[in-house]
Structure formats: structure tokens, C-alpha cells
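Remarks on the structure that follows.
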Amino acid sequence: MAWVWFHKFGSPPHFYRLATRLTPWFGWPALLLGLAGLIGGLGLAPPDYQQGDGFRIIYVHAPAAWLSLMVYTVMALSAAVGLIWRMNVAHAVAASCAPIGASFTALALVTGMLWGRPMWGTYWEWDPRLTSELLLLFLYLGYMGLRNAIDDTARADRASAVLAIVGVVNVPIIHYSVIWWNSLHQAPSVMKFGQPTMPASMLVPLLLMLAGFTLYFVALLLIRARGEVLRRERNARWIDEAVAGAKS
Amino acid sequence: MTDARASFISAAALLAARDLRLALRRAGDSLLPLAFFLVITTLFPLSLDPSLSLLRDIAPAALWVGALLSSLLALDLLFRDDGQDGTLEQLALCGQPFAGLLLAKTVVHWCLTGFPLVLVAPLAATALGAPTAAMPGILAAVLLGTVALSLIGAVGAGLTLTLRRNGSLLALLVLPLAVPVLIFGARASALAIAGESPAAPLYLLAAFAVLAATLAPWALAAAVRIGLE
Chain A
1 MAWVWFHKFG SPPHFYRLAT RLTPWFGWPA LLLGLAGLIG GLGLAPPDYQ QGDGFRIIYV
61 HAPAAWLSLM VYTVMALSAA VGLIWRMNVA HAVAASCAPI GASFTALALV TGMLWGRPMW
121 GTYWEWDPRL TSELLLLFLY LGYMGLRNAI DDTARADRAS AVLAIVGVVN VPIIHYSVIW
181 WNSLHQAPSV MKFGQPTMPA SMLVPLLLML AGFTLYFVAL LLIRARGEVL RRERNARWID
241 EAVAGAKS
Chain B
249 MTDARASFIS AAALLAARDL RLALRRAGDS LLPLAFFLVI TTLFPLSLDP SLSLLRDIAP
309 AALWVGALLS SLLALDLLFR DDGQDGTLEQ LALCGQPFAG LLLAKTVVHW CLTGFPLVLV
369 APLAATALGA PTAAMPGILA AVLLGTVALS LIGAVGAGLT LTLRRNGSLL ALLVLPLAVP
429 VLIFGARASA LAIAGESPAA PLYLLAAFAV LAATLAPWAL AAAVRIGLE
């Protein structure tokens, strides 16, 4: 009995209705938190004593980098759920994660490069964080490429799920091997996050942005997954009712 | 229990013997990746100023990029024919553990394409200016590295089994996953060439190879089964 909610979640009409209902509950708080974080980060936080105003890109860079990893984990988890319980909705969620995650990874890379220009004097430094972000982007591209290459949706779901699971085992290994590689080749980089010295006026906007980005991801994921479920179920009867309900 | 184990071992041995015999009848196919490796390692000095100190600096990079690319090229031999003529389906249906049989195939694949690379690596390393004292380190690194590369690559080959024109997709799937092998292997080779102990990266490489040998067969079996459906 305890698992009824779980199996109910796997029913496309139920998931579609739930996702439709939940989207605004994530979207609007994401907007508000993001606005508050931007005002706090770009306006109220004091400039860094070393980096001046240049550090403010952290308010976009750090949340994007955090989400790039989290989205991959969510993608692998829902792919595993889809593979184990043969749940079509979970595969649809995993498929919807990939482009979002790849976009966040690309955003983290671009903001990291823009940040690197004033700080390191060059757009690209083989910094371990940036390098493993780049490899993560390749993993996302491989996932999407594999999904794209297989025409049959069910087979594409399962093959890409195996790839996502292999990838999620490998991501920490890749990350730490890159850090290890880098620590042997160059002195530790000038920038260090997570120092306890960050004052609250800088930290609070960062946390607001992190929360805002995360909620934004959930809202985006729900919208994409709805579209994906509609595409997969395009011949089912419940869609007529759902669309008619949306019109009235 | 012992019966089942014995019958699996004899089935795996039969499969390995069959794969070896087939490959030896077309030995040229297995040698092509080896030739590719030698050509790649030759391209590096040709595209640079071939001074000995510079060659020594780039030798690990040339060796490992060459090893990665040639193992990628060799993956085409692993499942292609058996996938096309239905052998893989028979193996999946024969009642023996599928992951074990595929592991046996991968081991044979390593013997045919990975092990020759180990034998040729000292030659390429010498041509790139590595001193003789560095050879044990380089040999150990290439040995462990090719094992890991064969296992990771086999998963990629299983995933792209039924796709036509899968070459560049396979590269995109496998190469990011093989980055740790590249890093540890190149580091071990660089330390060996510099005359220092390559033990630390070798241990990491061995750990990665063991992890791959433990987990890859299951992912491989799942991937091939999906391809066969």
C-alpha cells in the first residue's frame, strides 16, 4: 500500500496533472528568489577587496555550476528508476533533464571564462573546476547524442539510462582525477570559494541565488517533462481531456 | 553450484577460443589499430621541433593519446560481426551468465588489441626519447591502462551496437569516461621518464582498472541486451 503513491506517479495522466499544478509553485518563488538574489548580489553586497566588482559573476557562476552537477544526478536517478521499474514517466523526466543540464554546464563554463579574463588575465585556464565542467558538458552531449541516434523511443530510453548510470559513477572519479592532475601541474589557483571569511552580505545573496536557480530548474523540468509526456502519449485518449480542460 | 560454475567456465573458454581462432584467421584486422598507434606517435615528432628534451616532455601525451585513439578504433572489432550474424543473440539466450560471457569476449579483445599495444609501447617510447630505465613503469602503465580502456570501450561499443555510422558518437561516449586513464597513465609515464617512482599513479590506475572490471560487465550486459531487443 505504501507504494501506491509511487506507482501513481508513473501514470502519465496523473504525472501530467501533477506537473501542471506544481509548475507555478516552483516558478514564481524561483523568480522572486532570483530577483532578491540579484538585487542583493549586484546592488547591496560590497565589492570584494581584491577582485572589486568582478567577483559578482559568482552569483550566476556558482549556482550554474552547482546545478550542472545536480541535474546530472537527477537525470541518472530518474533514468535508474525508469530502468528498474520500467516507468515511462521517469524516462521522460531523464530525457528532459539533459538539455537543461547541458545549458547550465555551458552557462557555468561561459561565466567561468568571463570571470577568468579579469582574474587570471586569460579566458581559459586549465583550472580543475572549469576542466571538469567541460568534461561534464561532453558527458551531457554524449547522452543527448546517443538518445538522438536511436529512433525507437523505448530503446533510446534504456540505452541512455545505462549511459547515465555509468556516467554518474564516473563523474566523481573524473572530477578528482582532474583535480589531482591539476595540482601536479600548477600552483593552486588564486580563487578559493567556501572560505569562512565570506561576509553575510555576500553569502546571503549567493544562497538566495542557489535556491532560486534550483527552483527554476524544477519548474523548467516540470514544463519540459510535460511536453515530453505529451509527445510520448500523443495517441492516448486522456490527452484530449487534458487539453480540453486547459482550454476551458 | 559447482556444476553451474564449471559449465560457465567451459562455455567462456569455448567462446574465448572461438573468438581467438576467428581473429587469428583475419589477423590483419587486429593489427590495424596497432599500426594506427604507431602512426599517431610518429605524427607528434613530425609536427614539432624534434629535439630530445621536447620529445621527452611530450612522450607521455603522444603515447596515451595514441593508445586512447587506437583502442577506440579497435572497438569496431569487438561486437560488430557477432552482432550482425546473430551470435550475440545466441549468447544471450544460451542460459549462461551473459555478463560473464561478454567479459570473456572483452578479455580476448584485450589480448588481441590491448596486449600488442603493451608490446609496442616501449618501441614508441624509445622513439620519443624515453630512457631504457623508464620502460618498466611505462609497460606497467600501458598494461593497466589498456585493460581499463578495453572495459570502458566495450560498454560504449555495446551501447552503439545497433547504430549505423556510430564512430564519432562512440568517441563522444567513451573518451570523456576514459579521461582518468589518460591522466593517471600519462602521469605514470612522465614520472618514469623523469626517473622518479611512478607508483602512486600506477596504484590509481590499477584501482580504476579493478573498478572497471567489477562494474563494466554488468553495464555491458545491460547495454547489449537493450541493443538486441
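Protein chains in written order, with my numbering: chain A, 1 to 248; chain B, 249 to 477.
Heads up, the beta-carbon is just placed ideally off N, CA and C, and yes, glycines get one too.
Computed from a predicted model, the values in this text were never measured in an experiment.
Checklist entry - In whole angstroms, what is the alpha-carbon distance linking N414 of chain B and R56 of chain A? => result Here residue 414 of chain B refers to the residue found at position 166 when the second sequence is read from its first residue. Here residue 56 of chain A refers to the residue found at position 56 when the first sequence is read from its first residue. Looking at the two C-alpha atoms, the distance is approximately 43 Å.
Item to check | Backbone secondary structure at D151 of chain A - three-state DSSP | outcome: To locate residue 151 of chain A, count along the first sequence from 1; it is residue 151. In this structure, D151 of chain A counts as coil in the three-state DSSP scheme.
Checklist entry - Taking L387 of chain B as the reference, which of B:D333, B:Q338, B:L453 has the closest Cα? => result Indexing the second sequence from 1 puts residue 387 of chain B at position 139. When each option's Cα is compared against that of L387 of chain B, the closest is B:L453.
Checklist entry - What do you get for Q338 of chain B, buried or exposed, if any count of 16 or more other CB atoms within 10 angstroms of its CB means buried? => result Taking the second sequence and counting its residues from 1, the one referred to as residue 338 of chain B is at position 90. By the neighbour-count criterion, in which 16 or more other beta carbons inside 10 Å mark a residue as buried, Q338 of chain B falls on the exposed side.
Next on the checklist: What does the Cβ neighbour count give for Q344 of chain B, buried or exposed, with the cut at 16 atoms within 10 Å?
Outcome noted: By one-based count along the second sequence, residue 344 of chain B stands at place 96. The residue is buried, with at least 16 neighbouring Cβ atoms inside 10 Å.
Item to check | Residues that DSSP places opposite D48 of chain A in a beta bridge | outcome: Counted from its first residue, the first sequence places residue 48 of chain A at position 48. For D48 of chain A, DSSP records a beta bridge to A:G52.
Item to check | Counted within 10 angstroms of its Cβ, other Cβ atoms place E241 of chain A as buried (16 or more) or exposed | outcome: As a first step, residue 241 of chain A is located in the first sequence; it is residue number 241 there, counting from the start. The residue is exposed, with fewer than 16 neighbouring Cβ atoms inside 10 Å.
Next on the checklist: Looking at the secondary structure, which residues open and close the alpha helix (DSSP H) in which S278 of chain B lies?
Outcome noted: Position 30 of the second sequence, counted from the first residue, corresponds to residue 278 of chain B. S278 of chain B -> alpha helix (DSSP H) spans 275-294.
Checklist entry - Is the Cβ of V355 of chain B closer than 9 Å to any Cβ of chain A? => result Taking the second sequence and counting its residues from 1, the one referred to as residue 355 of chain B is at position 107. Not an interface residue.
Checklist entry - Is it right to say C97 of chain A is buried, meaning 16 or more other beta carbons lie within 10 angstroms of its own, or is it exposed? => result Counted from its first residue, the first sequence places residue 97 of chain A at position 97. Label assigned to C97 of chain A: buried.
Checklist entry - So which residues on chain A does F432 of chain B lean against when the C-beta distance must stay under 9 Å? => result In the second sequence, the residue the question calls residue 432 of chain B occupies position 184. By Cβ distance, chain A contributes S177, W180, W181.
Checklist entry - If you follow the alpha helix (DSSP H) that I400 of chain B is part of, which residue opens it and which one closes it? => result By 1-based counting over the second sequence, the position of residue 400 of chain B is 152. That run of the alpha helix (DSSP H) goes 383-407.
Item to check | Residue of B:L417, B:F292, B:A283 minimising C-alpha distance to G362 of chain B | outcome: Translated into positions along the second sequence, residue 362 of chain B becomes position 114. Closest by C-alpha distance to G362 of chain B, out of B:L417, B:F292, B:A283, is B:A283.
Checklist entry - Thinking C-alpha only, which one of A:L18, A:R17, A:G245, A:I173 is nearest F456 of chain B? => result Start at 1 with the first residue of the second sequence, and residue 456 of chain B comes out as number 208. Cα-wise, what sits closest to F456 of chain B is A:I173.
Checklist entry - Rounded to the nearest angstrom, how far is the Cβ of P428 of chain B from that of S177 of chain A, given a contact under 8 Å? => result Counted from its first residue, the second sequence places residue 428 of chain B at position 180. Counted from its first residue, the first sequence places residue 177 of chain A at position 177. Rounded, the Cβ-Cβ distance is 4 Å, consistent with contact.
Item to check | W358 of chain B to G276 of chain B span [Cα, whole Å] | outcome: Stepping through the second sequence from its first residue, residue 358 of chain B is reached at position 110. Stepping through the second sequence from its first residue, residue 276 of chain B is reached at position 28. Rounded to the nearest angstrom, the two C-alpha atoms are 16 Å apart.
Checklist entry - Where V355 of chain B and S201 of chain A are concerned, what is the direct C-alpha to C-alpha distance, given to the nearest angstrom? => result Here residue 355 of chain B refers to the residue found at position 107 when the second sequence is read from its first residue. Here residue 201 of chain A refers to the residue found at position 201 when the first sequence is read from its first residue. Note on geometry: alpha-carbon atoms of V355 of chain B and S201 of chain A lie some 58 Å from one another.
Item to check | K8 of chain A burial status per 10 Å Cβ neighbour count (16 or more: buried) | outcome: Residue 8 of chain A sits at position 8 when you count from the first residue of the first sequence. Answer is exposed; the Cβ neighbour count stays below 16.
Checklist entry - Alpha carbon to alpha carbon, how far is L77 of chain A from S160 of chain A? => result Counting from 1 along the first sequence, the entry for residue 77 of chain A is found at position 77. Counting from 1 along the first sequence, the entry for residue 160 of chain A is found at position 160. One C-alpha to the other measures close to 12 Å.
Checklist entry - So, using beta-carbon positions, are G112 of chain A and L130 of chain A closer together than 9 Å? => result Counted from its first residue, the first sequence places residue 112 of chain A at position 112. Counted from its first residue, the first sequence places residue 130 of chain A at position 130. In this structure, L130 of chain A lies closer than 9 Å to G112 of chain A by Cβ.
Item to check | Any C-beta of chain B under 9 Å from that of P188 of chain A | outcome: On the first sequence, residue 188 of chain A is found 188 positions in, with the first residue counted as 1. With a pLDDT of only 43 at P188 of chain A, under 50, the local geometry of the prediction cannot be trusted, and no value is derived from it.
Checklist entry - Is it right to say I400 of chain B is buried, meaning 16 or more other beta carbons lie within 10 angstroms of its own, or is it exposed? => result Here the question's residue 400 of chain B lines up with position 152 in the second sequence. Flag for I400 of chain B reads buried.
Next on the checklist: Using the three-state DSSP reduction, which class does L411 of chain B fall into: helix, strand or coil?
Outcome noted: If you number the second sequence from 1, residue 411 of chain B lands on position 163. Correct three-state label for L411 of chain B: coil.
Item to check | Exposed unless 16 or more other CB atoms sit within 10 angstroms - verdict on Y140 of chain A | outcome: Your numbering for residue 140 of chain A matches position 140 in the first sequence. Buried, since its Cβ has 16 or more Cβ neighbours within 10 Å.
Item to check | Reference A352 of chain B, options B:L262, B:A470, B:E444, closest by Cα | outcome: Locating residue 352 of chain B in the second sequence gives position 104, where the first residue counts as 1. Selected option, being the one with the closest Cα: B:L262.
Checklist entry - Do L303 of chain B and L371 of chain B have their CB atoms nearer than 9 Å? => result On the second sequence, position 55 is the one that residue 303 of chain B refers to. On the second sequence, position 123 is the one that residue 371 of chain B refers to. Result no, Cβ atoms of L303 of chain B and L371 of chain B do not sit closer than 9 Å.
Next on the checklist: Measuring only the C-alpha atoms, how far is A90 of chain A from L18 of chain A?
Outcome noted: For the purposes of this step, residue 90 of chain A is taken as residue 90 along the first sequence, with counting starting at 1. For the purposes of this step, residue 18 of chain A is taken as residue 18 along the first sequence, with counting starting at 1. So the alpha carbons of these two residues sit roughly 14 Å apart.
Next on the checklist: Counting only Cβ-Cβ distances shorter than 8 Å, please list the residues of the region 425-454 of chain B near chain A, keeping chain order.
Outcome noted: Listed by position, the residues of the region 425-454 of chain B near chain A (Cβ gap below 8 Å) are L425, V427, P428, I431, F432, R435, L452.
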